[in-house]
Amino acid sequence: MPEETPVGTGNQKDIEENKVLAIISYFWLLCLIPLLAKKDSPFAQFHAKQGLALAIVQTIWAVASWVLVSIPVLGVLINSLGWIAIFVLWIIGIINASSGKMQKLPVIGGLTENIKI
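Residue numbers for the sequence shown follow the numbering used here, so the first one is 1000 and each next one is one higher.
Below is the structure:
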């Protein structure tokens, strides 16, 4: 079983007030809403930054997909696996946000440590 990487729990009031914003943070560029509008909420900021990292990865993968699909069979397989991985990260992020957890996304979650907004 993979080890969880908890970052913090935040306060319960912050979590309850900003849970919806944390969830929408994982819908591509909607992460900008809590990132810019809820600077006072550690919970919303955490998930907005995780969502931003996921949006960047999605965008890079979308561009890379154009090249990959031109490679017969193997390219399509790699492309499909990449989109499945992104979908899994998306689900994990939404589950974490809806559960009130401030837990980094696997693999890409650490990219957000240097984001200062």
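Yeah, the Cβ is synthetic: ideal placement off N, Cα and C, and Gly gets one too.
Inter-residue Cα distance where the pair is residue i and residue j
i     : j     : result
V1106 : A1096 : 17 Å
L1032 : T1111 : Looking at the sequence itself, residue 1032 is Ile, so the reference to Leu does not match. Between I1032 and T1111, the C-alpha separation is close to 17 Å.
N1010 : Q1044 : 13 Å
G1092 : G1108 : 10 Å
I1070 : I1077 : 10 Å
Close-in-space but distant-in-sequence residues of the same chain around residue i (CB under 6 Å, 5 per side omitted)
i     : result
A1063 : none
G1099 : I1014
K1012 : none
Whole-number beta carbon distance between residue j and residue i, since they are thought to touch under 8 Å
i     : j     : result
L1028 : A1052 : Not a contact, Cβ separation roughly 13 Å.
G1074 : L1080 : Going by Cβ atoms, the distance from G1074 to L1080 rounds to 11 Å, so no, they are not a contact pair.
Q1057 : I1023 : About 15 Å separates the two Cβ atoms, so there is no contact after all.
Nearest neighbour of residue i, chosen from the options [CA to CA]
i     : options                       : result
E1016 : F1042, G1108, K1048 and I1070 : F1042
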